[in-house]
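Participant: Structure provided below as structure tokens; questions to follow.
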Amino acid sequence: MKRTVTNVSAYMALSMCVVFFFAGSKLFKPITAIENFLKAHSRIIKYITLGILGAGYVAYFIAACWLDFHRAIALVVLTCVAVFFTVYDLVKKYKGDSIKLNEAEAFELMVGLLVAWLAVDTSKRPEQLVSFGGVCLFILGIFIFSAHRHAVRWRTLFWGLGLQFVIGLFVIRTQPGYIAFNWLGAQTFLNYTQAGTSFVFGGLVEAGIFAFQALPIVIFFSSVMSVLYFLGVMQWVIIKISWIMQITMGTSPTESLSVAGNIFVGQTEAPLLIRPYLKDMTKSEIHAVIVGGFATIAGSVMGAFISFGIDASSLIAASVMAAPCALAMAKLSYPETEESKFKSEAEIKVDGGDEKNILEAASAGASTSIGLVANIGANLIAFLAILDFINAALRWLGGMVGYPEITFELICSYVFMPVAFMMGIPVEESFTVAELIGTKLFLNEFIAYEKLSKLKNNRLNGITEVGQYISVRSEIISTYALCGFANFSSLGIVIGGLSSICPSRKSDISAVVLRALITGTCVSLVNACIAGKIYFISVKLKGFHIFFTVLSFFLLCCLEEI
């Protein structure tokens, strides 16, 4: 055995000597020449490769549109977005100094177009004025309790609301936007989770148990997001979204980047994008970062909500629309009174993570989600138990005076009924939606969406008792209103998460977190008002499309029977 090992070692040593001996000979000169050629012409080769790939994509794009343009509408939208930002980057690089954006003229043009459109659209559907009044009411409330009313920058507010409105208009009222977001929401992508969960849990998946059906989606989505982050896709998208908000609203690059990141990641993960800069950020910027976390939901938990049966396209649209509104309302609630140290996006660098390859990124994403899944499960167990205890106590106390039907939900329905009505919910359904708002604020959004899912299923199953179902319009508005992490149970998560990232700013974080919670709640309500202002229902009836802004369950059933 020893002799064999010795012989092998001798042969390897001899082979290495032969290789080094002939390294300088003519045998290796062609290889060296090729290496030198590739290094000398690397730039040209890069452009040729990109040109070939680009030509291939153009051919694929044309073929897809030629075969079925309706099917390829999402591809068209994504391609247009990519082309726009590519052209912008090239123009900025080579002609950026010679092109100046006249912000005043652009702002005046946007306001003029929006006012004109609102006047024309509202004249056709005057009942939508209720939702518009809700927007004004919530903005007025935030302004009255603003920390520095004299320092409010109205440009930031109006541009934020304008961007939110334009996104909503594109998603709800235009055919390309409606098709694109429905395409995103209708994908069977999340169904691939079944392959993993059925292997691990077997028949328990088919039983419809929440822990084995919804929570694994969080793990799968977290893993996918980690891979996209490793590939640089997420950074590119987040940077472009933050750039749009920064140049239009005049916000700093740090707060814009964090709020844009909240569209895809959670309220404690998004600040990691700006971790090196948190210690030097102003109090107003920190407040904006926290509001962004409260006003949106993470992509990972969005998959769990979709598994409840919540409309996926509305969830996606709500999270995107909330980003500019969150910045606008944050700057209205806590205006900037200090000088920000960050002026240009060039000063901010976004890391690509510590993973070495795509497999490590996928594994890291799955491992990271374990804590999130455990947190979701533990919170649901705790808060549902607490809710049942509170209801039992209220029924006992109410029974003493002849009102045993008093519950937490009943109290919320009366307290938040005016809020629900101002969002555009019909009076007869305002109490039902008010319960959902109260549940989301005092407990969490998981319980609220689970209740919304039951109301939706009751409608689909033909249950027509008042308070037991929810109409299509009210369902969509409620989906927007509940889309956010703004609840009292999140206060500790935010304080603990941000304080661990930047311990030196713990006192500032604690000082603004409650204000940020209220502001984040108002962002979701304004989001719902915008949806109520824009949303209407199209029903195809014998070849014609009939549009409704308020469509009762009974009318929908009648139309479907015709």
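Numbering (UniProt numbering), first residue to last: 1 to 562.
Positions of the beta carbon are idealized from the N, C-alpha and C atoms, including for glycine.
If you follow the alpha helix (DSSP H) that Gln194 is part of, which residue opens it and which one closes it?
Facilitator: Sequence index remark: in the sequence shown, residue 194 carries index 194 (1-based). Looking at the DSSP string, the run of the alpha helix (DSSP H) that includes Gln194 is Thr193 to Phe201.
Participant: Which runs of the beta strand (DSSP E) fall wholly inside the segment 276-358 and span at least 3 residues, in chain order?
Facilitator: Taking only runs of at least 3 residues, no beta strand (DSSP E) segment lies wholly in the segment 276-358.
Participant: Alpha carbon to alpha carbon, what distance is there between Gly484 and residue 573?
Facilitator: Any property of residue 573 remains undetermined from this structure, which presents the chain solely from 1 to 562.
Participant: Here's the rule: buried if 16 or more other CB atoms are within 10 angstroms of the residue's CB, otherwise exposed. What is Gln246?
Facilitator: Mapped onto the sequence shown, residue 246 falls at position 246. It is buried - the Cβ of Gln246 has at least 16 other Cβ atoms within 10 Å.
Participant: If contacts are defined as beta-carbon pairs under 8 angstroms, then Ala74 and Glu336 qualify, I think. What distance do you get, rounded to the angstrom?
Facilitator: The residue given as residue 74 occupies position 74 in the sequence shown. The residue given as residue 336 occupies position 336 in the sequence shown. Going by Cβ atoms, the distance from Ala74 to Glu336 rounds to 38 angstroms, so no, they are not a contact pair.
Participant: What is the rounded straight-line gap between the Cα of Val427 and the Cα of Tyr88?
Facilitator: Working through the sequence shown from its first residue, we reach residue 427 at position 427. Working through the sequence shown from its first residue, we reach residue 88 at position 88. Going by the C-alpha atoms only, they are around 48 angstroms apart.
Participant: Following the continuous alpha helix (DSSP H) through Gln164, name the residue where it begins and the one where it ends.
Facilitator: What you label residue 164 is simply residue 164 of the sequence shown in a count that begins at 1. For Gln164, the enclosing alpha helix (DSSP H) begins and ends at Trp154 to Arg173.
Participant: What is the DSSP secondary structure of Met423, reduced to helix, strand or coil?
Facilitator: Working through the sequence shown from its first residue, we reach residue 423 at position 423. In the structure shown, Met423 sits in coil (DSSP, three-state: anything other than H, G, I, E or B).
Participant: Can you grab the Cα-Cα spacing for the pair Glu35 / Arg43, in whole Å?
Facilitator: Within the sequence shown, numbered from 1, the residue matching residue 35 stands at position 35. Within the sequence shown, numbered from 1, the residue matching residue 43 stands at position 43. Roughly 14 angstroms separates the two Cα atoms.
Participant: Using the beta-carbon count (16 or more within 10 Å), is Gly134 buried or exposed?
Facilitator: What you label residue 134 is simply residue 134 of the sequence shown in a count that begins at 1. Buried, because 16 or more other Cβ atoms sit within 10 Å of the Cβ of Gly134.
Participant: Taking 6 angstroms as the limit between beta carbons, can you name the residues of its chain near Ser242, skipping five residues before and five after?
Facilitator: Here residue 242 refers to the residue found at position 242 when the sequence shown is read from its first residue. Around Ser242: Ser256, Leu257 and Ala260.
Participant: In or out: Gly193 buried (at least 16 other Cβ within 10 Å) or exposed?
Facilitator: Locating residue 193 in the sequence shown gives position 193, counting from the first residue. Strictly speaking, residue 193 in this sequence is Thr, with Gly absent from that position. Buried is the call here.
Participant: Cβ of Gly365 within 7 angstroms of Cβ of Ser222?
Facilitator: In the sequence shown, counting from the first residue as 1, residue 365 sits at position 365. In the sequence shown, counting from the first residue as 1, residue 222 sits at position 222. Against a cut-off of 7 angstroms, the Cβ pair of Ser222 and Gly365 comes out as a contact.
Participant: So, are the CB atoms of Met423 and Ala528 less than 7 angstroms apart?
Facilitator: Reading the sequence shown from its first residue, position 423 is the one you call residue 423. Reading the sequence shown from its first residue, position 528 is the one you call residue 528. Yes, the pair counts as a contact, with Cβ atoms nearer than the cut-off.
Participant: Give a yes or no on contact between the segment 493-501 and the segment 439-448, applying the rule of three or more CB pairs nearer than 8 angstroms.
Facilitator: no
Participant: Using only alpha-carbon positions, find the residue among Arg459, Leu443 and Ile139 that is nearest to Phe158.
Facilitator: As a first step, residue 158 is located in the sequence shown; it is residue number 158 there, counting from the start. Closest option to Phe158, Cα to Cα, is Ile139.
Participant: What are the uninterrupted segments assigned as alpha helix (DSSP H) that are 4 or more residues long and contained completely in the segment 426-504, given in chain order?
Facilitator: 427-442, 445-460, 472-481 and 490-501
Participant: Going by the beta-carbon positions, is the gap between Cys325 and Gln164 smaller than 7 angstroms?
Facilitator: Sequence index remark: in the sequence shown, residue 325 carries index 325 (1-based). Sequence index remark: in the sequence shown, residue 164 carries index 164 (1-based). Yes, the Cβ-Cβ distance between Cys325 and Gln164 is below 7 angstroms.
Participant: For Val320 and Ile263, which I take to be in contact (beta-carbon distance under 8 angstroms), what is that distance rounded to the nearest angstrom?
Facilitator: If you number the sequence shown from 1, residue 320 lands on position 320. If you number the sequence shown from 1, residue 263 lands on position 263. A Cβ-Cβ distance of about 6 angstroms is found for the pair Val320 and Ile263, placing them in contact under the 8 angstroms criterion.
Participant: How long is the line joining the alpha carbons of Phe305 and Phe85, rounded to whole angstroms?
Facilitator: The sequence position of residue 305 within the sequence shown is 305, counting from 1. The sequence position of residue 85 within the sequence shown is 85, counting from 1. Approximately 31 angstroms, taken between the alpha carbons.
Participant: Between His70, Leu90 and Val58, which has its C-alpha nearest Thr79's C-alpha?
Facilitator: Taking the first residue of the sequence shown as 1, we reach residue 79 at position 79. Relative to Thr79, the option among His70, Leu90 and Val58 whose CA is nearest is Val58.
Participant: Using a Cβ distance threshold of 8 angstroms, determine whether the segment 513-524 contacts the segment 141-149, with at least three qualifying pairs required.
Facilitator: yes
Participant: Would you tell me roughly how many angstroms separate the C-alpha atoms of Ser478 and Tyr47, rounded to the nearest one?
Facilitator: Here residue 478 refers to the residue found at position 478 when the sequence shown is read from its first residue. Here residue 47 refers to the residue found at position 47 when the sequence shown is read from its first residue. So the alpha carbons of these two residues sit roughly 50 angstroms apart.
Participant: Measuring straight from C-alpha to C-alpha, what distance separates Glu339 and Thr268?
Facilitator: Here residue 339 is taken as the residue at index 339 of the sequence shown, counted from 1. Here residue 268 is taken as the residue at index 268 of the sequence shown, counted from 1. Looking at the two C-alpha atoms, the distance is approximately 25 angstroms.
Participant: What three-state label does DSSP hand His150 in the structure shown?
Facilitator: As a working mapping, residue 150 is identified with position 150 in the sequence shown. Three-state DSSP puts His150 in a helix.
Participant: Starting from the C-beta of Ser489, find all residues in its chain whose C-beta is less than 8 angstroms away, skip the five residues before and the five after it, and write them out in chain order.
Facilitator: Counting from 1 along the sequence shown, the entry for residue 489 is found at position 489. Contacts found: Asn379, Phe383, Leu443 and Asn444.
Participant: Looking at the structure shown, is Val401 part of a helix, part of a strand, or coil, going by DSSP?
Facilitator: Within the sequence shown, residue 401 is the residue found at index 401, counting from 1. Coil, per DSSP.
Participant: Around the C-beta of Met400, are 16 or more other C-beta atoms found within 10 angstroms, so that it is buried, or is it exposed?
Facilitator: Looking up residue 400 in the sequence shown gives position 400. Classification of Met400: exposed, given that the 10 Å Cβ count is below 16.
Participant: Straight-line CA distance for Phe308 to Met302?
Facilitator: Taking the first residue of the sequence shown as 1, we reach residue 308 at position 308. Taking the first residue of the sequence shown as 1, we reach residue 302 at position 302. Their Cα atoms are separated by approximately 10 angstroms.
Participant: With a threshold of 6 angstroms on Cβ separation, who are the neighbours of Thr282 within its own chain once the five nearest residues in sequence on each side are excluded?
Facilitator: As a working mapping, residue 282 is identified with position 282 in the sequence shown. Closer than 6 angstroms at the Cβ level, and outside the excluded window around Thr282, lie Glu338 and Ser340.
Participant: Taking all protein chains shown into account, decide if Lys2 is buried (16 or more other Cβ within 10 angstroms of its Cβ) or exposed.
Facilitator: For the purposes of this step, residue 2 is identified with residue 2 of the sequence shown, where counting begins at 1. Annotation note: pLDDT 47 at Lys2 (below 50); position unreliable, no value reported.
Participant: Tell me which residues share the same chain as Thr254 and place their Cβ nearer than 7 angstroms to its Cβ, disregarding the 5 neighbours each side in the sequence.
Facilitator: On the sequence shown, residue 254 is found 254 positions in, with the first residue counted as 1. Within the same chain, Thr254 has close Cβ partners Ile274, Tyr277, Met281, Glu285, Phe342 and Ile348.
Participant: What does the Cβ neighbour count give for Lys279, buried or exposed, with the cut at 16 atoms within 10 Å?
Facilitator: Counting from 1 along the sequence shown, the entry for residue 279 is found at position 279. By the neighbour-count rule (16 or more Cβ atoms within 10 Å), Lys279 is not buried but exposed.
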